[in-house]
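First the structure, in the form of structure tokens, and then the observations on it.
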Amino acid sequence: MEDRPRGVSIRRRISILMDVWERMLQEWEKGGLTRERAIEILKEVYGRERIKPLKGAANPPDLFEKELASLYVVGKYGMGLESDYPELFDKVFHDEIRYEEAIKILLTEKPSTARMKVETLLGGSFDENTIARMLRLKLAEVYFGFSSQDSLKNLLKRLSEAFPEYKEMASKYARFYIAFKIADDIQKGEVRDRLTKEATKQALALEFSWLGRKVLPDDTYIRVIAEDVFKLNNRVLDSILPKSKGRKGKRREERRIQPQEK
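As numbered in our numbering, residues 79 to 340 make up the sequence shown, in order.
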């Protein structure tokens, strides 16, 4: 019997992102790398390896541009490339650099000051898509082990205080994170049955309880992520999660939770 289910592990995903970086650096040395080309390389390598970006149930058309957050985090914190290639980072990851600065502001400044500084930093516009991209960057940091779950929790709290009109979105993102974390724990072999799954779900929901009971994801949503992102098969999932809904059910679920995945 295997110690853990097969699927897309963190180690494999990091290895794939390192392959993307190798190709990017080759093109950078030739003087031809752009943000658009980095997205193309990312898409090509993911297609070859048959994996999908970190995501929820939705598949937005700019998903691979959003996945640059994973590439940025692994390149900066995992490979230490920013100090060696500062111009590359400025050219290719200008958005991610701004989002990271916005995160620092939200985590360190008073809400009123943070709101003003973040709006100024991001050009005066701060909509759901911008927030979701910023939160995706923090999710990548947490997933790859370069930041803590508490850091994400604090970011959602500070975001809700600085931008109270987006508290509901913070709640939806917490629901997405809990579903993503449980799917990841299933892949790691840390959640092996329904009892452990339910206990983990309730414990994680308690961490975000200040956002209300809406942070609890349903099992169908967790299963969609487990299948799409972590490539876990029915044999593994059937004993932990109920079977996924049909295509219509999936589309209804996507519409319900899509804002936090943009």
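Heads up, the beta-carbon is just placed ideally off N, CA and C, and yes, glycines get one too. Small disclaimer: the values here were computed from a predicted structure and weren't measured.
Could you tell me the distance, in whole angstroms, from the CA atom of residue i to the CA atom of residue j?
{"i": "D168", "j": "M212", "result": "17 Å"}
{"i": "F308", "j": "H172", "result": "29 Å"}
{"i": "G158", "j": "L166", "result": "13 Å"}
{"i": "M79", "j": "I256", "result": "Any reading at M79 needs caution, since the residue's pLDDT is 38, under 50, leaving its predicted position unreliable; the model's value is listed next. Whole-angstrom Cα-Cα distance: 28 Å."}
{"i": "R89", "j": "Y299", "result": "24 Å"}
{"i": "K321", "j": "G125", "result": "26 Å"}
{"i": "W99", "j": "L149", "result": "8 Å"}
{"i": "V123", "j": "L111", "result": "16 Å"}
{"i": "W288", "j": "P189", "result": "17 Å"}
{"i": "G153", "j": "E239", "result": "31 Å"}
{"i": "L310", "j": "S226", "result": "25 Å"}
{"i": "T278", "j": "K108", "result": "49 Å"}
{"i": "D341", "j": "F286", "result": "As displayed, the chain neither begins before 79 nor continues past 340, which places residue 341 out of reach and without an answer."}
{"i": "P295", "j": "R193", "result": "29 Å"}
{"i": "Q346", "j": "S87", "result": "Absent from the structure is residue 346, since the part of the chain shown begins at 79 and ends at 340."}
{"i": "I92", "j": "S317", "result": "29 Å"}
{"i": "E179", "j": "S249", "result": "22 Å"}
Report, in whole angstroms, the separation of the C-beta atoms of residue i and residue j, which I expect to be a contact under 8 Å.
{"i": "R236", "j": "L199", "result": "The pair is not a contact, with the Cβ atoms about 15 Å apart (cut-off 8 Å)."}
{"i": "I181", "j": "K133", "result": "Not a contact, Cβ separation roughly 20 Å."}
{"i": "F224", "j": "V151", "result": "6 Å"}
{"i": "I303", "j": "A261", "result": "4 Å"}
{"i": "Y163", "j": "W106", "result": "7 Å"}
{"i": "L146", "j": "E174", "result": "6 Å"}
Give the secondary structure of residue i by DSSP, where H, G and I count as helix, E and B as strand, and everything else as coil.
{"i": "P189", "result": "helix"}
{"i": "G153", "result": "helix"}
{"i": "P138", "result": "coil"}
{"i": "P242", "result": "helix"}
{"i": "M194", "result": "helix"}
{"i": "G125", "result": "helix"}
{"i": "E355", "result": "Because the chain in this structure spans residues 79 to 340, residue 355 falls outside the shown range and cannot be described."}
{"i": "L396", "result": "This structure gives no information on residue 396, because the portion of the chain shown stretches from 79 to 340."}
{"i": "P320", "result": "coil"}
{"i": "Y163", "result": "coil"}
{"i": "L200", "result": "coil"}
{"i": "E174", "result": "helix"}
{"i": "E145", "result": "coil"}
Among the options, which one has its Cα closest to the Cα of residue i?
{"i": "R301", "options": "G290, F286, K275", "result": "K275"}
{"i": "R115", "options": "S87, S148, F142", "result": "F142"}
{"i": "R84", "options": "K266, D316, G110", "result": "K266"}
{"i": "E305", "options": "R128, Q280, E118, S93", "result": "R128"}
{"i": "Q280", "options": "E145, D271, I175, V293", "result": "V293"}
At a cut-off of 8 Å, would you count residue i as near the ligand FAD, judging by its Cβ distance to the nearest heavy atom?
{"i": "R211", "result": "Looking for the ligand FAD in the displayed structure turns up nothing, as the structure carries no ligands at all."}
Give a yes or no on whether the minimum CB-CB distance between residue i and chain C is below 9 Å.
{"i": "L111", "result": "You won't find chain C in this structure, because it holds only one protein chain."}
Self-check item: Every unbroken alpha helix (DSSP H) within the stretch 84-130, with a cutoff of 4 residues, ordered by chain
Solution: DSSP runs (the alpha helix (DSSP H)) wholly in the stretch 84-130: 88-107, 113-127.
Exercise. Please specify which runs of the alpha helix (DSSP H), each continuous and at least 4 residues long, are wholly inside the stretch 282-311, giving them in chain order.
Key: The stretch 282-311 contains these whole alpha helix (DSSP H) runs: 297-306.
Exercise. Would you mind listing the alpha helix (DSSP H) stretches within the stretch 205-272 that are 4+ residues and don't spill past its ends, in chain order?
Key: Secondary structure in the stretch 205-272: the alpha helix (DSSP H) runs of 4 residues or longer, each lying completely within the stretch, are 206-221, 227-240, 245-266 in chain order.
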